[in-house]
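Written below as structure tokens is the structure these notes are about.
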Amino acid sequence: MQHLKLKSEWPIRASECRALQNQLADQVKLRPHRGVIRWIGGVDVGFPGRGRQTLAALTLLNADTLALEYSARAVLPTRMAYIPGLLSFRELPAVLEALACLPVAPDLLMVDGQGIAHPRGIGTASHLGLVSGIPAIGVGKSRLVGTFDAPDQVGKACRMYHNGVHIGYVLKSRARANPLFISPGHGIDPDQALDWVRYTLTGYRLPKPTRLADFLSRDRLR
DNA sequence: GCGACAG
DNA sequence: ATCTTGTCGC
1 MQHLKLKSEW
11 PIRASECRAL
21 QNQLADQVKL
31 RPHRGVIRWI
41 GGVDVGFPGR
51 GRQTLAALTL
61 LNADTLALEY
71 SARAVLPTRM
81 AYIPGLLSFR
91 ELPAVLEALA
101 CLPVAPDLLM
111 VDGQGIAHPR
121 GIGTASHLGL
131 VSGIPAIGVG
141 KSRLVGTFDA
151 PDQVGKACRM
161 YHNGVHIGYV
171 LKSRARANPL
181 FISPGHGIDP
191 DQALDWVRYT
201 LTGYRLPKPT
211 RLADFLSRDR
221 LR
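Under this note's numbering, the first residue of the first sequence carries the number 1, and numbering increases by one thereafter.
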């Protein structure tokens, strides 16, 4: 919808990106989500061709059965280098393109990356939630910011803090695997974010929506 | 100045 | 993230 506008307003300079983040961070809402969720979207982004291309992979699962029903991909030339804290500016253009290709709009997005567990409180999941208007959860595979105690047993989650604020959870989703970093992105609260991730775990380290999107991003979906 | 640092 | 196969361990 707002893509046409996107190209002209999308910042590339690091200083401009940070300035925009500070501005957008105030709009992030973490109030509890209300309403029925029928479709869960999974988002992952790859950078094939030694990073020259940006490939966004999106999966859409039935929230009741967790069956994969739709998927979409979009490839764009990579515009920006990877800079810790500015990942959303590198990934989102392709993600928004893929999102527009889905036949049904997701009611919830699970993103490979952080939500508010970010230096300025606006990681990729928060940024995507804001610009898409869809509730979003960040499911990171490693830490960007935050302090926490390591969860020792499978299924256990420990609260994660940053500057005294509860920003999410560290969840041990599988034995002998590094924990997941769960943080709300936008339109949902920390506990609901954790609940949805737990609900979509199917015996693997990553929740099904993101796991399938990861396969899709590298042509391994089957 | 030094160390940390999503994907 | 990407470049890349088989292999060791739980």
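C-beta: ideal position from N, C-alpha, C; glycine also.
Helix, strand or coil at residue i according to DSSP, with G and I counted as helix
i    : result
T202 : coil
D44  : strand
G155 : coil
H166 : strand
L144 : coil
G123 : coil
R50  : coil
T223 : Lying before the first or after the last residue shown, residue 223 is absent from the chain, which here runs from 1 to 222.
P11  : coil
A81  : coil
N22  : helix
S88  : helix
P32  : coil
P103 : coil
Given residue i as reference, the closest of the options once Cα atoms are compared
i    : options                   : result
V43  : T54, T59, Q53 and R50     : T59
L24  : N62, Y82, V45 and I116    : I116
F47  : L212, V95 and E9          : V95
F89  : P184, K29, E16 and G133   : E16
E69  : C158, I40 and V36         : I40
G49  : T78, W196 and V36         : T78
L249 : M110, R38 and R143        : The requested residue 249 does not occur in the structure, where the chain is confined to residues 1 to 222.
R211 : A193, G168 and A57        : A57
Y161 : R174, S183, K141 and S142 : S183
E9   : P93, T54, L194 and D191   : P93
Q192 : E91, L216, M80 and Y169   : Y169
N163 : V145, L6 and E91          : V145
N62  : L206, R205 and T200       : T200
L30  : A177, A175, P209 and V165 : V165
V197 : V104, L99 and P207        : P207
P179 : R205, A19, D189 and H186  : R205
D195 : A175, I167, I137 and K141 : I137
L55  : E91, P209 and P119        : E91
Presumed contact (8 Å Cβ cut-off) between residue i and residue j, rounded CB distance
i    : j    : result
L102 : T202 : Wrong, their Cβ atoms sit about 22 Å apart, outside the cutoff.
D112 : V139 : 6 Å
Q21  : I122 : 5 Å
L108 : P135 : 5 Å
F181 : R143 : 6 Å
Where residue i falls, given that 16 or more other Cβ within 10 Å makes a residue buried
i    : result
T147 : exposed
I12  : exposed
P32  : exposed
D149 : exposed
E231 : For residue 231 there is no data in the structure shown, the boundaries of the chain being 1 and 222.
D64  : exposed
V28  : buried
D214 : buried
V45  : buried
A125 : buried
Do the segment 151-167 and the segment 65-77 make contact, defined as three or more Cβ pairs closer than 8 Å?
-> Contact between the segment 151-167 and the segment 65-77 is absent: fewer than 3 CB-CB pairs across the two stretches fall below 8 Å.
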